[in-house]
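Per this note's numbering, numbering through the sequence shown is continuous, rising by one, with the last residue being 628.
Glycine included, each C-beta is placed from N, C-alpha and C at the ideal position.
Here the structure is a predicted model, which is why all the values come from computation and not from measurement.
Data block below; observations after.
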Amino acid sequence: MYICKELMQTITTRMENYIVSARKYRPSTFNSVVGQKSLTTTLKNAILTQKLAHAYLFCGPRGVGKTTCARIFAKTINCMHLTPEGEACNECESCRAFNEQRSYNIHELDAASNNSVEDIRSLIEQVRIPPQIGNYKVYIIDEVHMLSQAAFNAFLKTLEEPPHHAIFILATTEKHKILPTILSRCQIYDFNRISVHDTVEHLLYVAQQEHIHVEPEALNIIAQKADGGMRDALSIFDQIVSFTQGNVTYQSVIANLNVLDYEYFFQMTDLLLGNKVPDAMLLFNDILNKGFDGSHFITGLGAHFRDLLVSRDSSTLPLLEVGDNIRQRYQEQAMRCEPKFLYRAMKLCNDCDLNYRASKNKRLLVEITLIQLAQLTTDEDVPGCGQSPARTTLKPTFNQKAVAQQQQGASAPASSVQSAPQQYQQAATTDTSSSAAVPASEGKLKEPEIAMPETSSAQKIPTVNKSSMGFSIKNPRPTMSESSHAQTTVHQASGTDEDQAFSEQDLRRYWLEFAQRLPKEEAANAGRMKTMSPHLLDDNTTFEIVVDNEIVKKYMEDIMPKVRSYLCAQLHNSKVSMTVRVSNPQEVVKAYNRVEQYQMMNQKNPQLQHLREEFGLEFS
């Protein structure tokens, strides 16, 4: 009974003396502040040179040292015996009063609960009282963005022109909510998030002081979970220490924090590289069964691919914020991953993450992403692999004119049967030449929605000698020598159709066809081209386009290579050339109103004037 009572007293004493790490290891000097070296150096230099402002604004995320730096700054400027490094001596009366929390020179105000005009007026009355010990009275206002509009207005004048012994330090996590008139009266210090490396080093220092065994990989997980806040990191560290009873391991951390193990991502990547879709889906099912969310998994997988990418280059290796053992595994697996695979994998994971919230079947979305990831390393585009099919262009099988000729030949009398093979060979030759010209323009121009009507003079079909065919009614089966001779003759004939003659009507027809093939974003230019009339010059291969201004001329000159390539293919003439010029002032290029349209039509057909006079027609 006596032993139990003594044990309870010991436990009670330890509980009373216990202080959380966030308070116990709170920095007391500028040098002990973690991850804010540039800011602390600026403040120390300002103290040493006696160039102190009357108002400061400390802003940044939670747990990065804003209030801590404000307290250190207030303690240091009232120290009577500063060190050469600009730190407080901790021996004078002012320092001892601060350390014992009995200093009357430092006033802290929580603006979240004291945000009214009356609170600010009470603060203003206190500002008038000079300090009893030390040189300055420092007023630290936390969460200053919570002040009301009226409180800000009441605080403006005092903040701008306070007494010489008063210094204001405002701290906030949301600088954008503070009035610009307040910001203009303060020196602004932006605190950065503490890096993973700095957080791990500080946690390792705390563990050594507390005689706690830790694994570096475990501290990396804690630092990443803290997201740049040292207070959060120390709180998580205390939680893990209580869970493990002083033996902080990697497995205990991921079990306590419900974090996906690196091993899952390494294993999943190996399965994807090996195109093992069933095993990858089974592994994903195992992850879901352990209580992890699909969004958490796909986000972590995308981050894993990013870490693999930065592990491939020694210059980007510092971006990998993991332990040494994990870093080596990343380097080994990164060497087995091609950069193209990593780029596409990151893109797929990011798309899945963006669509995850809107998806009704979230599991199916992640599984489809895994299937696509498993097919990235395959060379062939297998149907059902999840990749997009290759872009192919379907070419016409038959020529419309050839079909019409065949139909006419089928209904012709028996006396004209002898000319059927000639028509068939002509159609085949024309189709061959047309299909050969299609690839030159199919990658540049869009297929038209509406085909232009065919005319009798639109296509020039080369003639082939009947005797060279080696085919007749009397001799339906030619010999091998005759067949080879016929093929040679046809080949030679088809090779001469590149420089065919064409008319101005053919030129205008294919000009309109090109305009129709322009994409939708160039609808205005297509409409402008439809109003133009190409004029064939004397050499019968060069045509002229007359435009209204220099802007249109510049556009036509830019697309001139595409136009020429298309017309050469359609007209079967490689010598087609194009010229563009701006019209003369007296030259009418385009009819803008109804009068001009009538005048142009009357020039082409003078009978319109007679028709107008006979019926008494007028413009409305």
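Would you list the residues sitting across from residue i in a DSSP beta bridge?
i: Asn255; result: His221
i: Glu512; result: Answer is none; Glu512 lacks a bridge partner.
i: Val555; result: Val590
i: Asp507; result: Asn581
Determine the extent of the beta strand (DSSP E) in which residue i is found, giving its start and end residues.
i: Gln195; result: Gln195 to Asp198
i: Asp118; result: Ile114 to Asp118
Based on Cα-Cα distance, which residue from the options lies nearest to residue i?
i: Asp514; options: Asp547, Leu579 and Val571; result: Leu579
i: Glu225; options: Thr189, Leu212 and Lys45; result: Leu212
i: Cys194; options: Asn200, Thr550, Glu530 and Lys183; result: Lys183
i: Ile559; options: Thr550, Thr166 and Asn533; result: Asn533
i: Asp566; options: Thr587, Arg320 and Gln380; result: Thr587
i: Phe522; options: Tyr574, Phe510 and Asp507; result: Tyr574
i: Glu101; options: Cys87, Gly94 and Glu93; result: Cys87
i: Ala174; options: Ile114, Leu47 and Ser511; result: Ile114
i: Gly142; options: Asn122, Ala82, Leu117 and Phe510; result: Ala82
i: Gln140; options: Tyr112, Ala119, Gln524 and Ser130; result: Tyr112
i: Pro76; options: Gln44, Asn53 and Leu526; result: Contrary to the premise, residue 76 reads as Thr rather than Pro in this sequence. It is Gln44 whose Cα lies nearest to the Cα of Thr76.
i: Tyr147; options: Asn333, Leu155 and Leu167; result: Leu167
i: Ile177; options: Lys583, Thr207 and Leu117; result: Leu117
i: Met540; options: Thr377, Arg104, Met564 and Tyr272; result: Met564
Helix, strand or coil: which one does DSSP assign to residue i?
i: Cys67; result: strand
i: Asp547; result: coil
i: Asn581; result: strand
i: Gly394; result: With a pLDDT of only 47 at Gly394, under 50, the local geometry of the prediction cannot be trusted, and no value is derived from it.
i: Glu182; result: coil
i: Phe38; result: helix
i: Gln611; result: helix
i: Leu15; result: Note that Leu15 scores 49 on pLDDT, short of 50, meaning its location in the model is unreliable; the coordinates nonetheless yield the value given after this. Looking at Leu15 - three-state DSSP - the assignment turns out to be helix.
i: Ala174; result: strand
i: Asp359; result: helix
i: Gln247; result: helix
i: His210; result: helix
i: Met354; result: helix
i: Thr59; result: Looking at the sequence itself, residue 59 is Lys, so the reference to Thr does not match. Note: Lys59 maps to coil in three-state DSSP.
i: Gln617; result: helix
i: Gln140; result: coil
i: Val204; result: helix
i: Glu521; result: helix
i: Leu625; result: coil
i: Glu346; result: coil
i: Ile567; result: coil
i: Leu47; result: helix
i: Val318; result: helix
On the DSSP letters alone, give me the boundaries of the alpha helix (DSSP H) that residue i sits inside.
i: Lys32; result: Ser29 to Lys32
i: Asp127; result: Val125 to Val135
i: Val146; result: Run containing Val146: none in the alpha helix (DSSP H); it sits in the beta strand (DSSP E), Lys145 to Asp150.
i: Asn293; result: Val285 to Asn297
i: Lys368; result: Careful: Lys368 lies outside any alpha helix (DSSP H) and carries neither H nor E.
i: Phe300; result: Element bounds for Phe300: n/a, residue is neither H nor E.
i: Glu271; result: Tyr270 to Leu281
i: Asn533; result: Ala531 to Thr539
i: Ser102; result: Glu101 to Asn107
i: Cys683; result: Past the edges of the chain, shown from 9 to 628, lies residue 683, and the structure says nothing about it.
i: Tyr338; result: Asp332 to Ala342
i: Thr189; result: Pro188 to Leu191
i: Asn161; result: Gln157 to Glu168
Any beta-carbon of chain C closer than 8 Å to the one on residue i?
i: Ile559; result: In the structure shown, chain C does not exist; there is a single protein chain.
Please return the same chain residues whose Cβ sits closer than 8 Å to the Cβ of residue i, not counting the five positions on each side in sequence.
i: Asn358; result: Gly310
i: Leu90; result: Ile55, Leu56, Thr84, Ala96 and Cys97
i: Phe300; result: Asn266 and Leu268
i: Glu375; result: Met289 and Phe292
i: Tyr258; result: Glu223, Glu225, Ala226 and Ile229
i: Lys370; result: Gly302, Ser303 and Tyr364
i: Gly589; result: The amino acid at residue 589 is misidentified as Gly; the sequence shows Arg. Cβ within range, chain order: Glu552, Ile553, Val554, Val555 and Lys561.
i: Asp332; result: Pro224
Can you name, in chain order, every residue of its own chain whose Cβ lies under 6 Å from the Cβ of residue i, other than the five neighbours on each side?
i: Phe163; result: Ile128
i: Val256; result: Val222, Ala226 and Ile248
By Cβ distance below 7 Å, which residues in the same chain neighbour residue i in space, the five residues on each side in sequence not counted?
i: Leu280; result: Ala288, Leu381 and Ala382
i: Ala30; result: Arg239, Leu242 and Ser243
i: Leu616; result: Met609 and Asn610
i: Ser78; result: The amino acid at residue 78 is misidentified as Ser; the sequence shows Ala. Correct list, in chain order: Phe66, Ile148, Ile177 and Ala179.
i: Arg352; result: Leu384
Is residue i near the ligand ZN, with its Cβ less than 7 Å from a heavy atom?
i: Gly535; result: As for the ligand ZN, it is missing from this structure, which has no ligand bound.
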